[in-house]
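2 protein chains.
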Amino acid sequence: MRYDEMSREERQQELETLKKEYRKMQALDLHLNMSRGKPCQEQLDLSMGMMDVLSSGSDLTCEDGTDCRNYGQLTGIEEARVLLGDMMENNPNDIIIYGNSSLNVMYDAVSRAYTHGILGNTPWCKLEKVKFLCPVPGYDRHFAITEYFGIEMIPVPMNNHGPEMAIVEKMVAEDEAIKGIWCVPKYSNPSGISYSDETVRRFARLKPAAKDFRIFWDNAYGMHHLYDDRQDYLIEILAECKRAGNPDLVYKFASTSKITFPGSGIAALATSPNNMEDIKKQLKHQTIGHDKVNQLRHVRFFGDIHGMVEHMRKHADILRPKFELVENTMEQELGDKGIGSWSTPLGGYFIGFESLPGCAKEIVARCKKAGVTMTPAGATWPYGRDPQDTSIRIAPTFPSLHDLEAASRLFCLCVKIVSLEKMLKEN
Amino acid sequence: MRYDEMSREERQQELETLKKEYRKMQALDLHLNMSRGKPCQEQLDLSMGMMDVLSSGSDLTCEDGTDCRNYGQLTGIEEARVLLGDMMENNPNDIIIYGNSSLNVMYDAVSRAYTHGILGNTPWCKLEKVKFLCPVPGYDRHFAITEYFGIEMIPVPMNNHGPEMAIVEKMVAEDEAIKGIWCVPKYSNPSGISYSDETVRRFARLKPAAKDFRIFWDNAYGMHHLYDDRQDYLIEILAECKRAGNPDLVYKFASTSKITFPGSGIAALATSPNNMEDIKKQLKHQTIGHDKVNQLRHVRFFGDIHGMVEHMRKHADILRPKFELVENTMEQELGDKGIGSWSTPLGGYFIGFESLPGCAKEIVARCKKAGVTMTPAGATWPYGRDPQDTSIRIAPTFPSLHDLEAASRLFCLCVKIVSLEKMLKEN
Chain A
0 MRYDEMSREE RQQELETLKK EYRKMQALDL HLNMSRGKPC QEQLDLSMGM MDVLSSGSDL
60 TCEDGTDCRN YGQLTGIEEA RVLLGDMMEN NPNDIIIYGN SSLNVMYDAV SRAYTHGILG
120 NTPWCKLEKV KFLCPVPGYD RHFAITEYFG IEMIPVPMNN HGPEMAIVEK MVAEDEAIKG
180 IWCVPKYSNP SGISYSDETV RRFARLKPAA KDFRIFWDNA YGMHHLYDDR QDYLIEILAE
240 CKRAGNPDLV YKFASTSKIT FPGSGIAALA TSPNNMEDIK KQLKHQTIGH DKVNQLRHVR
300 FFGDIHGMVE HMRKHADILR PKFELVENTM EQELGDKGIG SWSTPLGGYF IGFESLPGCA
360 KEIVARCKKA GVTMTPAGAT WPYGRDPQDT SIRIAPTFPS LHDLEAASRL FCLCVKIVSL
420 EKMLKEN
Chain B
0 MRYDEMSREE RQQELETLKK EYRKMQALDL HLNMSRGKPC QEQLDLSMGM MDVLSSGSDL
60 TCEDGTDCRN YGQLTGIEEA RVLLGDMMEN NPNDIIIYGN SSLNVMYDAV SRAYTHGILG
120 NTPWCKLEKV KFLCPVPGYD RHFAITEYFG IEMIPVPMNN HGPEMAIVEK MVAEDEAIKG
180 IWCVPKYSNP SGISYSDETV RRFARLKPAA KDFRIFWDNA YGMHHLYDDR QDYLIEILAE
240 CKRAGNPDLV YKFASTSKIT FPGSGIAALA TSPNNMEDIK KQLKHQTIGH DKVNQLRHVR
300 FFGDIHGMVE HMRKHADILR PKFELVENTM EQELGDKGIG SWSTPLGGYF IGFESLPGCA
360 KEIVARCKKA GVTMTPAGAT WPYGRDPQDT SIRIAPTFPS LHDLEAASRL FCLCVKIVSL
420 EKMLKEN
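As given, the protein sequences belong to chains A and B, one line each in that order.
FYI, numbering that gives the first Met the number 0 numbers position 204 of the first sequence as 203, with every residue one higher than the one before it.
FYI, numbering that gives the first Met the number 0 numbers position 140 of the second sequence as 139, with every residue one higher than the one before it.
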């Protein structure tokens, strides 16, 4: 029964029952964490073979004769650019392999634009005002980078097809201070949705007032399907931009962080030849080259993209039951209550939950008091400010199935309690 | 016989003989490279055991329970901070372990000061003028970073004890625009000298006009002795700064690039707790953490600092004969000619050569024409401009002994030819 169809008395009675249940769960002394998009131990175990592919007897020489152990190869070894090219659906020549973190590559791209400007345009540090569009809910670490550089962040609402493109188009066309937009186009963080064909096409056809406007296209979950038979597809953005006559519009990021080991993977940037030349001018001062041995390790471990796809199916086998457990619990507990909605993504690392207005913070706080840590409410919005206080990110990957059951039951319980309390307060 | 004591005729005759020899060497069609400080293959082979220390059966858990395969540990795993602490002679708590390149850490330090300022001081990008002192001859990649950021570089002469401290002291005390100085304090690049105790003490007691002045102390060759019995010692700069009441004066850099594999090692920064907090404010936006698996690999490979010291002796055994060959060749060929001087360092990667004024570029060009690539003359000076045209960096590590013999003979030949030609032109 929907809570908004209950009488005041029914609500009060329901609340009392729920609170008893809550106190029972508190007594369990849980210490569970659904806050970060971290792979679980079983997932990490999948990549332990990485530790064996190179040995003291291995030849660490690339096909082109490069000794991976020594200095050189600013943009990464050819084999790694081919593998990540297949992964990212880009030409290996349009790819730079970086170090262990795509977040670092994104920071770097913002920092470089700030200190030196993009393709000859004024460095952002010399401008009065720089703004970024931030589709919401979005990824807190993206927002943290732009906030750190004093860039004004403007939220843009997301729908089930991606950001509201009419708003994006209008704003970038009218305001030269808008220099970028953060996107997680596939299995989005946190809502789990993927950008529709139309959304991608409209992105590629943006007419920004700023010549140095760039789409920061963080395709973190390109390979991260949960199902074999149902998968989201994304139009490849660099190719689409090229077709649209906007070849330089995008910086595209990806990494193997959630494919092999977080923090010990390889990250990459794909972009147009013009942007590439621009970036290399900086890169050559910043490093002599990234970790080629680790690049080679990845290439030898996967062999080719098919190897990586097979590997990702093993991840999916571990993650699918976790997503389904959370989704089923929510369906069971909240499905008929009318007090929240959530996504049922086909991949990625998150489930997005939307509570009744003004409830998210309180739900997360209640979870915490019973031993379940969620991502702080508001984190999915720039400056941590979710004006409606509705958005909660659920990260089901790290806990065990067993823990996840308790955690998601508790979560639903807290949603119910907080929603009822709010209804009772308002009527 | 000294060339300056020869008669014009003697010089002409000598030049003719030398040119014949040069043409003979040209006919050998050499392709040798003494330009970069790259380890040779034998040196790289020393670290192949690194590829075996972790296997699919390994437990990749740290002493403190951190799973190295997952996210986390912004400043590096404790074990790695202990090992690099021993290597750098610093408290592990004063160390941040970074990725694979100390050059990147230095770039980062300059970039952060440029975008956000140091300890609350005005970001350098907001200042009219920022200057760096550059002891010369010095490291071209240092100078490239400051040049890239539009920082004005002021050369300061080096003597056998380090930079001319009277000049350094005066300049930093008088000019608030001077924000830093590049130092390679031990087995300096390229001269090979180490800073004397007095030099280090005076560095620690600088009284810079700028509150955000920092010494960029690149201790790249701290462990890189050539001899067991004759080694340079360096007063530890952080400790000395603390004693002098200047705890925040230094950023100290090091890496294992020339200990294990260049480009696949681990880099580190050591600095005061104040600076550390300041840096962490940025670092947390820049990355979730560096490659912990590689940190663990290094720790397990060396065991402890004694293991690293033993490992460095093997490097020394390979490099010592190379340095001695070049030095002996120079002694033999140039020792009595009065046309140049060179260092005989006890460690590091380079021999510094000083030609007669106005000869360095021509010597390097002549070497090139006979198939031996040297570091471009002038590279050891800011903006590549060596006003006296005397400084040449010799990098003897990469070529085989056999190649090195030919290369150093050719080098000496070119020094003689160019010096004689110059003398003949001038008289």
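For glycine and all other residues, C-beta sits at the position ideal for the given N, C-alpha and C.
All values reported here derive from a predicted model rather than from experimental measurement.
Name the DSSP beta bridge partners of residue i, please?
i, result
"R224 of chain B", "One detail in the question is off: residue 224 of chain B reads as His in this sequence, not Arg. BP columns for H224 of chain B point to B:G346."
"R392 of chain A", "A:G351"
"W466 of chain B", "This structure gives no information on residue 466 of chain B, because the portion of chain B shown stretches from 0 to 426."
"V417 of chain A", "V417 of chain A is not bridged to any residue."
"I214 of chain A", "A:I180 and A:V249"
"L31 of chain A", "A:V371"
"K130 of chain B", "B:E151 and B:I177"
"D66 of chain A", "A:T60"
CB-CB under 8 angstroms to residue i, same chain, minus the five flanking residues each way: which ones, in chain order?
i, result
"E197 of chain A", "H160 and M164"
"M5 of chain A", "E13"
"V155 of chain B", "L132, C133, P134, V135, P162, E163, I166, V167, M170 and I180"
"S263 of chain A", "N99 and N293"
"E20 of chain A", "L412"
"E233 of chain B", "Reading off the sequence, residue 233 of chain B comes out as Leu, not Glu. Within the same chain, L233 of chain B has close Cβ partners P184, K185, S193, Y194, V199, N218 and G221."
"I428 of chain B", "Beyond the ends of chain B as shown, which are 0 and 426, falls residue 428 of chain B; an answer cannot be given."
Cutting at 7 angstroms between CB atoms, please list the residues of its own chain near residue i, excluding the five before and the five after it.
i, result
"E330 of chain B", "none"
"N90 of chain A", "G84"
"S34 of chain B", "T372, M373, T374 and A394"
"R1 of chain B", "D335, K336 and G337"
Establish whether the CB of residue i and some CB of chain B are separated by less than 8 angstroms.
i, result
"Y70 of chain A", "yes"
"Y226 of chain A", "no"
"T255 of chain A", "no"
"N188 of chain A", "no"
"A143 of chain A", "yes"
"P261 of chain A", "yes"
"P272 of chain A", "no"
"H310 of chain A", "no"
"L31 of chain A", "no"
"I287 of chain A", "yes"
"N218 of chain A", "no"
"M373 of chain A", "no"
"S34 of chain A", "no"
"S407 of chain A", "no"
"M47 of chain A", "yes"
With a threshold of 8 angstroms between beta carbons, is residue i in contact with chain A?
i, result
"D290 of chain B", "yes"
"Y138 of chain B", "no"
"R50 of chain B", "Going by the sequence as given, residue 50 of chain B is Met instead of Arg. Yes - at least one Cβ of chain A is within 8 angstroms of the one on M50 of chain B."
"Y147 of chain B", "yes"
"K279 of chain B", "no"
"P447 of chain B", "Because chain B here runs from 0 to 426, residue 447 of chain B falls outside it and cannot be looked at."
"S57 of chain B", "yes"
"L43 of chain B", "yes"
"H284 of chain B", "yes"
Could you tell me which chain C residues have their CB closer than 7 angstroms to the CB of residue i, listed as they occur along the chain?
i, result
"K178 of chain B", "Of the protein chains in the structure, A and B, none is chain C."
Going by beta carbon distance, what residues of the same chain come within less than 6 angstroms of residue i, once the five residues before and after it are set aside?
i, result
"R204 of chain B", "A243"
"F397 of chain A", "K37 and C39"
"R213 of chain A", "G179 and Y250"
"E326 of chain A", "T343"
"G108 of chain A", "Looking at the sequence provided, one finds Ala at residue 108 of chain A rather than Gly. Contacts found: Y250."
Residue i: beta carbon under 7 angstroms from a heavy atom of the ligand SAH?
i, result
"Y382 of chain A", "Within the structure as shown, the ligand SAH is missing, as the structure has no ligands at all."
Practice item. Identify every run of the alpha helix (DSSP H) within the stretch 71–99 of chain A, keeping only runs that are complete inside it and at least 4 residues long; order them along the chain. Key: 77–87
**Study point:** Contiguous alpha helix (DSSP H) assignments of at least 4 residues, all confined to the stretch 238–317 of chain A
**Key:** 272–285 and 291–301
Review point. Which residues, in order along the stretch 102–134 of chain A, keep a beta-carbon less than 9 angstroms from a beta-carbon of chain B?
Key: L102, N103, Y106, D107, S110, R111, Y113, T114, H115, P122, C124 and K125
Practice item. Give, in chain order, every unbroken run of the beta strand (DSSP E) that is at least 3 residues long and sits entirely within the stretch 132–183 of chain B. Key: 151–158 and 177–182
Exercise for review: Can you give me, in chain order, the residues of the stretch 312–336 of chain B that have a beta carbon less than 8 angstroms from any beta carbon in chain A?
Suggested key: none
**Study point:** Residues from the stretch 356–369 of chain B in contact with chain A, defined by Cβ distance under 8 angstroms
**Key:** none
Exercise for review: Closer than 9 angstroms, Cβ to Cβ, to anything on chain B: give me those residues from the stretch 64–92 of chain A, in chain order.
Suggested key: D66, C67, R68, N69, Y70, G71 and Q72
Review point. When you check each C-beta in the stretch 291–308 of chain B against every C-beta of chain A, which residues fall closer than 8 angstroms?
Key: K291, V292 and N293
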